[in-house]
Amino acid sequence: MSRPGIRLVCLDIDGTLTDGVLGPPIPGTVEAVRRIRKGLPVRLVTNTTSVPHPALWEDLKRKGFTEDPQELVTPATVASRVLPGRGHARGILLAEPGAREDFGWFREDPKGTAVLLATEGHSLGIADLQPAFRRLFDGAAFYALQRNRYFRKRGELVTDLGPVAAFLTYASGREAENLGKPSTLLFDSVAEDAGVRRSEIVMVGDDAEFDVSASVALGMTGILVRTGKFRPEDAARFTPRPSAVLDSVADLPGWLGT
930 MSRPGIRLVC LDIDGTLTDG VLGPPIPGTV EAVRRIRKGL PVRLVTNTTS
980 VPHPALWEDL KRKGFTEDPQ ELVTPATVAS RVLPGRGHAR GILLAEPGAR
1030 EDFGWFREDP KGTAVLLATE GHSLGIADLQ PAFRRLFDGA AFYALQRNRY
1080 FRKRGELVTD LGPVAAFLTY ASGREAENLG KPSTLLFDSV AEDAGVRRSE
1130 IVMVGDDAEF DVSASVALGM TGILVRTGKF RPEDAARFTP RPSAVLDSVA
1180 DLPGWLGT
């Protein structure tokens, strides 16, 4: 018997299921996900921008986390659903070379209607951002795949996509619309696809701010795990507080009652 009111389990990947993007599974997580799936549908919801959807799904499949590519939800997935319908499938794309296959639907045009930020910018210099700044200054729509502050890479904390978005916002005065967690665009897309209400979703992750607190603020259940980039002070750092704090996803089936 699963916990009342929960009809969909959304799991972060980096730092929650695996030790880094494409890293090894955190102990007990593969078994836990298999157990949860017997009682509840699962979505793997990530803000990862450096690995394209097909490669990430193949990696998760190989590790035993999923057999269905529709279970994997990325900000690029949301972008492909939202931007064309708004007439924003043409403009400036800032993306890592290895991740560009997710954006075949987006036509690069320096005079287009949108700027799509899809990289944390570690390989970019200030000069590389100037075309995007000028296009934003002239009125282009501004989208960011996500706005996370930092993530853990090879054991070290490194800046994520959010600081690059903040740089362009400060320079242009244009705020980026977030396509990743914890945006309503992403979670409403997930809820619609699964046939549930947002209030029936539990979001589980290692990011107290964007995975958990923001999800609770959107009316979902948010569970923080003490893995990945979790720090002890995180549990009480943000408001709203987590619905629960667990040592890892390995403890989630017990909490859910699955």
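In terms of our numbering, the sequence shown opens at residue 930 and continues consecutively. We put the beta carbon where it would ideally sit given N, CA and C, even for glycine. This one's a predicted model, so the numbers in the text were calculated from it and none came from an experiment.
| Query | Result |
| --- | --- |
| Would you mind listing the beta strand (DSSP E) stretches within the segment 1117-1151 that are 3+ residues and don't spill past its ends, in chain order? | 1130-1134 |
| Do L1108 and V1011 have their beta-carbon atoms positioned less than 8 Å apart in this structure? | yes |
| Restricting to Cα atoms, I'd like to know which of V971, R964, T1187 and T977 is closest to R1081. | T977 |
| Relative to the C-alpha of G1050, which candidate in N1077, D1140 and V1133 has its C-alpha closest? | N1077 |
| Keeping to the same chain, check which residues put their C-beta closer than 7 Å to that of G944; ignore five residues upstream and five downstream. | R1081, D1135, T1156, G1157 and K1158 |
| My parser needs the alpha helix (DSSP H) runs of 4 or more residues fully inside the segment 1030-1097; what are they? | 1059-1066 |
| Which of helix, strand or coil does DSSP assign to T978? | coil |
| Assuming the contact rule is C-beta atoms closer than 8 Å, V1145 and P1169 should be a hit. Round their C-beta distance to whole Å, please. | 4 Å |
| If you drop the 5 nearest sequence neighbours on each side, which residues of the same chain put their C-beta closer than 7 Å to that of F1139? | N1077, K1110 and P1111 |
| How many angstroms separate the CA atom of I1055 from the CA atom of A1137? | 30 Å |
| According to DSSP, simplified to helix, strand and coil, what is I965? | helix |
| Below 8 Å, how does it come out for the segment 1034-1041 and the segment 1015-1022: are there three or more Cβ pairs, yes or no? | yes |
| Give a yes or no on whether the C-beta atoms belonging to T1174 and D941 are separated by under 8 Å. | Checking the sequence shown, residue 1174 turns out to be Val, not Thr. Going by C-beta atoms, V1174 is not nearer than 8 Å to D941. |
| Could you give the DSSP three-state label for E1106: helix, strand or coil? | strand |
| Using the rule of at least 16 other Cβ atoms within 10 Å of the residue's Cβ for burial, across every protein chain shown, is F1066 buried or exposed? | exposed |
| If you count every other CB in all the chains shown that lies within 10 Å of the CB of D1176, and 16 or more means buried, which is it? | exposed |
| Give the DSSP-derived three-state secondary structure of P954 in the structure shown. | strand |
| Per DSSP, what kind of secondary structure is L1114 in: helix, strand or coil? | helix |
| Please classify L946: does DSSP put it in a helix, a strand, or coil? | coil |
| Quick check on this structure: which residue in R1126, S1118 and R1166 has the alpha carbon closest to the alpha carbon of V1141? | R1166 |
| Going by beta-carbon coordinates alone, are E1000 and L969 separated by less than 8 Å? | no |
| Given a cut-off of 8 Å on the beta-carbon distance, is the pair V971 and V938 in contact? | yes |
| Is it the case that the Cβ atoms of W986 and P998 are separated by a distance below 8 Å? | yes |
| Where does L1012 sit, in a helix, a strand or coil, going by DSSP? | coil |
| Provide the residue span of the beta strand (DSSP E) that contains G1183, from first to last. | Taken as a continuous stretch (DSSP letters only), G1183 belongs to no beta strand (DSSP E), being part of the alpha helix (DSSP H) at L1181 to L1185. |
| Between the C-alpha atoms of L1185 and G1091, what's the straight-line distance to the nearest angstrom? | 32 Å |
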